[in-house]
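See structure below.
Residue numbers (the working numbering): 344 to 497.
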């Protein structure tokens, strides 16, 4: 599953967000049974993870009844704020009100395809983030390649 692109969609009167068909088509087997997990993201972005991906990544981190305090804190922060958001038959998800408020998501929302998940933000937030990222693109890509090389060599 590979999510790509930038889209602008509006919340409807019932606070549902239509997921663009190009992104919904990334769920060939789930169809209308697809479920996203809304979870806190970084830089004031709300993440929508396919439930299967979210579960697989969670399991990779492992876990135990007694774990490191930092792991417990991060799990408490992420999992307690996450919610299941099933896709309805019209391809919409209902984002929990507390997440809409926390990320100031009203009216038009930017939906970004970011490899294995979606990120939601306001138009202003995305403009601000692009202005931060674009001038540093060459350096960001160089550091990312270096990080990937280091991961692969270990």
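Think of the CB as a built atom: it goes at the ideal place given N, C-alpha and C, for glycine as much as any other residue.
Residue 487 sits in a helix when the DSSP states are folded into three classes.
Here residue 443 is near residue 358, since their CB atoms are less than 8 Å apart. In the pairwise beta carbon analysis, the segment 392-399 is classified as touching the segment 458-475: at least three pairs are separated by under 8 Å. Of all alpha-carbon atoms in 346, 367, 353, the one lying nearest the alpha-carbon of residue 434 is that of 367. Beta bridge pairing from DSSP links residue 392 with 380. Per DSSP, the continuous beta strand (DSSP E) segment holding residue 452 begins and ends at 451-457. Within 10 angstroms of the beta-carbon of residue 400 lie fewer than 16 other beta-carbons, which makes it exposed.
Contact between residue 354 and residue 452 holds: CB atoms are separated by about 6 Å, below the 8 Å threshold.
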